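Here the structure is laid out as structure tokens; the discussion comes afterwards.
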Amino acid sequence: MALPREGGPSLFAGPIAGTLRLVMYLAIALVVMVLDHRNGWMYHARYTASVLVEPLYRLAGLPSRSLHALTVAFADRSLLTEQNRELRQDLLLANAKLSRMAEVARQNTHLRELLDTQHSLDINVQLARVIGVDLGAFRHRLTINLGANQGVRAGQPVIDAHGLLGQVVNVLPNTAEVMLVTNPDHAVPVTIERTGLRTVAYGSQDEGLLTLPEIPGAADVRAGDRLLTSGLGGRFPAGFPVGTVIGAGTSNGMFLQASARPAADIDRADEVLLLHDLADPVGPPGPAPQIGPPAELAPPPAAASSGGHAARPMPAASVAPAASAGSVRP
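Position in the sequence shown (from 1) plus 13 gives the number in the working numbering.
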């Protein structure tokens, strides 16, 4: 059995006071454990200590929390800025699409009106699109996307869903120029629907209006009277709306002068109709065809005359057709 070395550490070595303190500490620990288990005294002590120590923890963690908050704020700001930019782009695109859809709906409505006009009147028409507008002084003309290659010819009436728009004056291979009824050089024979009075409506220098300067002084003309094409002159078929009288006054002692607003949408025409059914021409008939036997059965000139002289052929009677009333002022 080995003997402990002298001077080595020992569990029970030391003064008696140290041992007594250890015993006292153990006893106090046991008492505190029993009391905490039964009455929860240590819970209240820890709760009070945490209330006192918590501000110190918060103060110690303040720099770290501040740095994290700044980082998140800058990141959120960048994200929000990008999202805001994308939302603005989406809003602009949506507004553009909405505007486009509204324009498409308006065009569809206009085309439906044109088709309804064609079906209700049962006329031969040709749809054309307006590609140029010139509403300057003394011009009032449109350019359409059809020309000679598509069968367009000078003098064709042009209408829209509401009334007479004008007539074709210049024809190119794939385009044509339309003179509007408001052009100062344009004239159209009209009749007043209420009274049946016939007169002529001219384009006016007042933008967008028609003038009727040749109404008899005793005629009954009122604001609101509708003007229709009379069919005279052989250019415009009868019965198409031309305009509505908006005022009538005395021009001189013999005639009244009235002004009218066109029935057609002069300023908003996008698609128009070209009429192929023209009015019946007014004037004497053309020369009658020469009637006789065919040339191969006709007798020789020597046998057809007595005395050996050939008879001079009688000229066929012909009457030159009178010039029809024009629709464009000279």
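Even glycine gets a Cβ: it sits at the ideal position worked out from N, Cα and C.
Predicted model, so just to flag it, every value in this text is computed and none were measured.
Relative to L245, the option among T204, V44, L69 whose CA is nearest is T204. The straight-line gap separating the alpha-carbon atoms of G216 and M114 is approximately 36 Å. Of A232, D198, L185, T208, the smallest CA-CA separation from G179 is found for D198. Here L225 is buried, its C-beta having at least 16 other C-beta atoms within 10 Å.
P76 has its alpha-carbon roughly 45 Å from the corresponding atom of M37.
Of all alpha-carbon atoms in A231, L111, I144, P254, the one lying nearest the alpha-carbon of A214 is that of P254. T32: member of the alpha helix (DSSP H) spanning 29-52, first to last residue. The continuous beta strand (DSSP E) containing D147 extends over residues 138-147. By the neighbour-count definition (other C-beta atoms within 10 Å, threshold 16), L223 is a buried residue.
Below 8 Å, too few C-beta pairs join the segment 157-168 and the segment 265-283 to call them touching: fewer than three. The beta carbons of N158 and A174 sit about 18 Å from each other, so the pair does not count as a contact at 8 Å. In this structure, T195 lies away from D233, with their beta-carbon atoms at least 7 Å apart. Counting along the chain, Q270 sits inside the beta strand (DSSP E) bounded by residues 268-275.
Between the alpha carbons of Q163 and A189 lies a distance of about 10 Å. Rounded to the nearest angstrom, the gap between the Cα atoms of L35 and I41 is 10 Å.
By the criterion of a C-beta distance shorter than 6 Å, G256 is surrounded in its chain by L223, L240, A273, R274, P275, A276, once the five residues flanking it on both sides are discounted.
H289 is the residue among A30, H289, R51, H50 whose C-alpha sits nearest the C-alpha of I172.
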